[in-house]
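**Q**
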Amino acid sequence: MSTDVFMALRQRLPALSKAERRIADRVLEQPSIVVDSTINQLAELCDVSQASVARLCQSVGFSGYKPFRMAIASAITLEEASRDQFRVSDADIGPDDSAHDVVMKVAYQEARAVEETARALDLEALDAVVAAIRDAARIDIFGVGSSGLTAQDLQQKLHRIGMSSYSWVDPHLALTSVALTRPGNVAIAISHSGLSVEVNDMLTVARRAGAITVAITNFPESPLGLLADLVLTTSSRESRYRSGAMSSRIAQLALVDFLTVRLLQGSYEQANESLRLTYDAVQNHRLRY
1 MSTDVFMALR QRLPALSKAE RRIADRVLEQ PSIVVDSTIN QLAELCDVSQ ASVARLCQSV
61 GFSGYKPFRM AIASAITLEE ASRDQFRVSD ADIGPDDSAH DVVMKVAYQE ARAVEETARA
121 LDLEALDAVV AAIRDAARID IFGVGSSGLT AQDLQQKLHR IGMSSYSWVD PHLALTSVAL
181 TRPGNVAIAI SHSGLSVEVN DMLTVARRAG AITVAITNFP ESPLGLLADL VLTTSSRESR
241 YRSGAMSSRI AQLALVDFLT VRLLQGSYEQ ANESLRLTYD AVQNHRLRY
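Heads up, the sequence shown is in the UniProt record's numbering, so the first residue is 1 and it goes up one at a time.
1. Is it buried or exposed for G143, if we count other Cβ within 10 angstroms and need 16 for buried?
2. In terms of residue numbering, what span does the beta strand (DSSP E) encompassing S165 cover?
3. Need the endpoints of the beta strand (DSSP E) that L232 sits in, please.
4. Spatial neighbours of T233 within its chain, please: C-beta separation below 6 Å, excluding the five flanking residues on both sides.
5. Alpha carbon to alpha carbon, what distance is there between T260 and T176?
6. Could you give the DSSP three-state label for I23: helix, strand or coil?
7. Tell me the DSSP secondary structure of G148 in three-state form.
8. What residue range does the alpha helix (DSSP H) around D127 cover?
9. Quick one: residues in its chain with C-beta nearer than 8 Å to the C-beta of T150, no 5 flanking neighbours on either side, listed in chain order?
10. Would you mind working out which of A118, N284, D229 sits nearest G184, comparing C-alpha positions?
11. For A131, tell me which candidate among R262, R286, S164 has the shortest Cα-Cα distance.
12. Quick check: the Cα distance between S222 and V114, rounded to an integer number of angstroms?
13. Grab the span of the beta strand (DSSP E) containing S140 for me, first residue to last.
14. Skipping 5 residues on each side, what residues in its chain have a beta carbon closer than 6 Å to that of D140?
15. Across which residues does DSSP place V186 in a beta bridge pair?
16. Pick from S17, A137, S146: whose alpha carbon is nearest that of M163?
17. Helix, strand or coil for T38? Go by DSSP, reduced to three states.
18. Measuring straight from C-alpha to C-alpha, what distance separates R208 and L126?
19. Could you check whether S52 and A43 sit closer than 8 Å to each other, using their CB atoms as the reference points?
20. Tell me whether T181 sits in a helix, a strand or coil according to DSSP, three-state version.
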């Protein structure tokens, strides 16, 4: 648990009380204050009660403040070692950073998003989604903004291996499509926050129609995560010059690749033939040199 304490804090944010959220935000912004503080001192720094600190610890899977404090200390050490590999002193990008610093910090952020997503992914949920997609006559995929790009990437990959899939960029088209879905079909909704109104509406209609519903989100306890039958969780962080739309996209695309390769394993011969046919179809549209 110690290596995932920051991830656990971020993913629990939507379900926390106001007091717990205040503590979590402060800890994520400045984790060293936990190492340097007793439970009473941390409560005073965050202007909350000791009971609120204790509840936060329990919310993210710890029996009390002491193991939570130890996990934070361990996570800080691991992050420092990871930053050393990329030769960056900190992960945040500043206005005076050089081009080299920016490149290395972005690379560090993206590598960390993929690594943490892989480490925390529920593999049973992954295989359950794979099984549902294999058995589905139709797969509808929907996201808005940056998540819409991920939806298109997943649809393109599924289509190339011979699966009947549709990606919608218009919320009305998405709603009318899933309204006509059937039990056993799959509806996949993608939203970093899990709060996008259109994406939640789409999954609600799909669920009502009997589809197996899947959420890809950074926050499993968000409204979208709680609505879905199956949840695939990403892990990405925001910084001053890296919006969630950047880091979340990297984590989502990695998850799409995990899903696609797992699908290929179960039907390699058929999928390989589909890939060959789709590859051959565009060869006359490539320049020769």
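Note that CB positions come from ideal geometry on N, CA and C, so glycine has one too.
**A** The structure says:
1. The residue given as residue 143 occupies position 143 in the sequence shown. By the neighbour-count definition (other C-beta atoms within 10 Å, threshold 16), G143 is a buried residue.
2. Here residue 165 is taken as the residue at index 165 of the sequence shown, counted from 1. Residue range 165-168 is occupied by the beta strand (DSSP E) that includes S165.
3. Counting from 1 along the sequence shown, the entry for residue 232 is found at position 232. For L232, the enclosing beta strand (DSSP E) covers residues 230-233.
4. Start at 1 with the first residue of the sequence shown, and residue 233 comes out as number 233. Closer than 6 Å at the Cβ level, and outside the excluded window around T233, lie P220.
5. Looking up residue 176 in the sequence shown gives position 176. Looking up residue 260 in the sequence shown gives position 260. For T176 and T260, the gap between their C-alpha atoms comes out near 26 Å.
6. As a working mapping, residue 23 is identified with position 23 in the sequence shown. Three-state DSSP puts I23 in a helix.
7. Sequence index remark: in the sequence shown, residue 148 carries index 148 (1-based). DSSP places G148 in helix when its eight states are reduced to three.
8. Residue mapping note: residue 127 aligns to position 127 of the sequence shown, counting from 1. Looking at the DSSP string, the run of the alpha helix (DSSP H) that includes D127 is 123-135.
9. Within the sequence shown, the letter at position 150 stands for residue 150. Excluding residues within five positions, the ones whose Cβ falls inside 8 Å are G143, I190, I216, R249, Q252, L253, V256.
10. The residue given as residue 184 occupies position 184 in the sequence shown. Closest by alpha carbon: D229.
11. Numbered from its first residue, the sequence shown carries residue 131 at position 131. The candidate whose alpha carbon is nearest that of A131 is R262.
12. Along the sequence shown, read from residue 1 onward, the residue named residue 222 stands at position 222. Along the sequence shown, read from residue 1 onward, the residue named residue 114 stands at position 114. Whole-angstrom Cα-Cα distance: 21 Å.
13. Indexing the sequence shown from 1 puts residue 140 at position 140. It is worth fixing the name first, because residue 140 is Asp in this sequence and not Ser. Annotation: the continuous beta strand (DSSP E) that includes D140 extends over 139-143.
14. Here residue 140 corresponds to residue number 140 of the sequence shown, with the count starting at 1. Y166, S177, V178, A187, listed in sequence order.
15. Within the sequence shown, numbered from 1, the residue matching residue 186 stands at position 186. For V186, DSSP records a beta bridge to I139, I212.
16. Taking the first residue of the sequence shown as position 1, residue 163 is located at position 163. Ranking the options by Cα distance to M163, first place goes to A137.
17. Indexing the sequence shown from 1 puts residue 38 at position 38. Three-state result, T38: coil.
18. In the sequence shown, counting from the first residue as 1, residue 208 sits at position 208. In the sequence shown, counting from the first residue as 1, residue 126 sits at position 126. Spanning the alpha carbons of R208 and L126 requires a straight line of approximately 23 Å.
19. Here residue 43 refers to the residue found at position 43 of the sequence shown. Here residue 52 refers to the residue found at position 52 of the sequence shown. The Cβ-Cβ distance between A43 and S52 falls below 8 Å.
20. Along the sequence shown, one-based indexing puts residue 181 at 181. The three-state reading of DSSP puts T181 in coil, since its state is none of H, G, I, E or B.
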